[in-house]
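J.: Here it is, the structure, as structure tokens.
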Amino acid sequence: MKRCRAMVDVARRQFLTGAAAAAAAAPAVAFMGHKAEAATPASARVDYPSNKVGNVAQLSPDKAMEVHYPDADAPGVLLKLGKPVRGGVGPDSDIVGFTTICPHKGFPLAYRAEDRSFNCPGHYARFDAEAGGQQIWGHATQNLPQYMLRVDDKGDIYAEGLDELLYGRLSNVL
Numbered sequence: 365m366k367r368c369r370a371m372v373d374v375a376r377r378q379f380l381t382g383a384a385a386a387a388a389a390a391p392a393v394a395f396m397g398h399k400a401e402a403a404t405p406a407s408a409r410v411d412y413p414s415n416k417v418g419n420v421a422q423l424s425p426d427k428a429m430e431v432h433y434p435d436a437d438a439p440g441v442l443l444k445l446g447k448p449v450r451g452g453v454g455p456d457s458d459i460v461g462f463t464t465i466c467p468h469k470g471f472p473l474a475y476r477a478e479d480r481s482f483n484c485p486g487h488y489a490r491f492d493a494e495a496g497g498q499q500i501w502g503h504a505t506q507n508l509p510q511y512m513l514r515v516d517d518k519g520d521i522y523a524e525g526l527d528e529l530l531y532g533r534l535s536n537v538l
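Note that the sequence shown covers residues 365 to 538 in the working numbering.
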């Protein structure tokens, strides 16, 4: 029995060592006669559009303003939270934006101003708007995607990216 376990341990180590060496040595992979380029961080990067989504003057504290980003099929909101928060922009660093599609199963989220959370009616996931969309309850396996925002000198608000992948997409830009 001890000899059998030892053989399994040796075989496992040899397999892992060989797999690691093969992965390190192979810059490209051949699959069914086609050569695929090795993935690099630059090739995995998504180029997001810079879209105007609103103006600071349109926002009121704790009132969700509906927007769409990065395209018309991606609903979201802009929020003015009234205090500086993570990822916040604008004169008070309190303006944030989020998708309103649950990252778990794609249900539409509702913003609740009383506790500044997004709530999912499907499986009851909850996300904290003050903490960058951090999940506080539920089945989701990622936080709520937050917009990367910029405010220009006229108060126009531009979304220029997302920090998470939108539900149901292989890429956030079509």
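Backbone N, C-alpha and C fix where the C-beta goes; we use that ideal spot for every residue, glycine too. Since this is a predicted model, take the numbers as computed values, not measurements.
Using the Cα positions of residue 627 and residue 535, report the straight-line distance between them to the nearest angstrom.
T.: The structure shown has nothing for residue 627, since the chain only spans 365 to 538.
J.: Quick check: the Cα distance between residue 524 and residue 437, rounded to an integer number of angstroms?
T.: The residue given as residue 524 occupies position 160 in the sequence shown. The residue given as residue 437 occupies position 73 in the sequence shown. Spanning the two alpha carbons is a distance of roughly 16 Å.
J.: Should residue 509 go down as buried or exposed, given a rule of 16 or more other Cβ atoms within 10 Å for buried?
T.: The sequence position of residue 509 within the sequence shown is 145, counting from 1. Buried, by the Cβ-count rule.
J.: Check for me: the beta strand (DSSP E) holding residue 505 runs from which residue to which?
T.: Here residue 505 is taken as the residue at index 141 of the sequence shown, counted from 1. Premise fails: residue 505 is in no beta strand (DSSP E) and is neither H nor E.
J.: Can you tell me whether residue 449 is helix, strand or coil according to DSSP?
T.: Walking along the sequence shown from the start, residue 449 turns up at place 85. Reduced to three states, the DSSP call for residue 449 is coil.
J.: Just to confirm the assignment, what range does the beta strand (DSSP E) spanning residue 463 have?
T.: Numbered from 1 along the sequence shown, position 99 holds the residue referred to as residue 463. From DSSP, the beta strand (DSSP E) with residue 463 extends over 459-463.
J.: With DSSP collapsed to three states, give me the class of residue 477.
T.: Taking the sequence shown and counting its residues from 1, the one referred to as residue 477 is at position 113. The answer is coil: DSSP assigns residue 477 none of H, G, I, E or B.
J.: Given a threshold of 16 other Cβ atoms within 10 Å of its Cβ, counted over all protein chains shown, does residue 455 qualify as buried or as exposed?
T.: Translated into the one-based positions of the sequence shown, residue 455 becomes position 91. Classification of residue 455: exposed, given that the 10 Å Cβ count is below 16.
J.: Quick one: using the 10 Å Cβ neighbour count with 16 as the cut-off for buried, is residue 416 buried or exposed?
T.: Numbered from 1 along the sequence shown, position 52 holds the residue referred to as residue 416. With fewer than 16 other Cβ atoms within 10 Å, it is exposed.
J.: Pop quiz: residue 339 and residue 507 are said to be a contact at Cβ under 8 Å. What is the actual Cβ separation, rounded to whole angstroms?
T.: The requested residue 339 is not part of the displayed model; the chain covers only 365 to 538.
J.: Within its chain, find whatever has a CB closer than 8 Å to the CB of residue 424; leave out the 5 residues flanking it on each side and keep chain order.
T.: Within the sequence shown, residue 424 is the residue found at index 60, counting from 1. Cβ neighbours of residue 424 beyond the five flanking positions: 444.
J.: Do residue 511 and residue 433 have their CB atoms nearer than 9 Å?
T.: Position 147 of the sequence shown, counted from the first residue, corresponds to residue 511. Position 69 of the sequence shown, counted from the first residue, corresponds to residue 433. Result yes, Cβ atoms of residue 511 and residue 433 sit closer than 9 Å.
J.: Do residue 420 and residue 465 have their C-beta atoms closer together than 9 Å?
T.: Indexing the sequence shown from 1 puts residue 420 at position 56. Indexing the sequence shown from 1 puts residue 465 at position 101. Contact: no.
J.: For residue 399, count neighbouring Cβ atoms within 10 angstroms of its own Cβ and tell me buried if that reaches 16, exposed if not.
T.: Taking the sequence shown and counting its residues from 1, one reaches residue 399 at position 35. Note that residue 399 scores 47 on pLDDT, short of 50, meaning its location in the model is unreliable; the coordinates nonetheless yield the value given after this. Per the 10 Å Cβ criterion, exposed.
J.: Thinking C-beta only, is residue 501 closer than 9 Å to residue 489?
T.: Stepping through the sequence shown from its first residue, residue 489 is reached at position 125. Stepping through the sequence shown from its first residue, residue 501 is reached at position 137. Yes, Cβ-Cβ distance for residue 489 and residue 501 is below 9 Å.
J.: Give the C-beta separation of residue 461 and residue 440 to the nearest angstrom, bearing in mind that I take them to be a contact with Cβ-Cβ under 8 Å.
T.: As a working mapping, residue 461 is identified with position 97 in the sequence shown. As a working mapping, residue 440 is identified with position 76 in the sequence shown. The pair is a contact, with the Cβ atoms about 6 Å apart (cut-off 8 Å).
J.: Quick one, which of 411, 476 and 518 has its alpha-carbon nearest residue 429's?
T.: For the purposes of this step, residue 429 is identified with residue 65 of the sequence shown, where counting begins at 1. Nearest option by C-alpha distance: 476.
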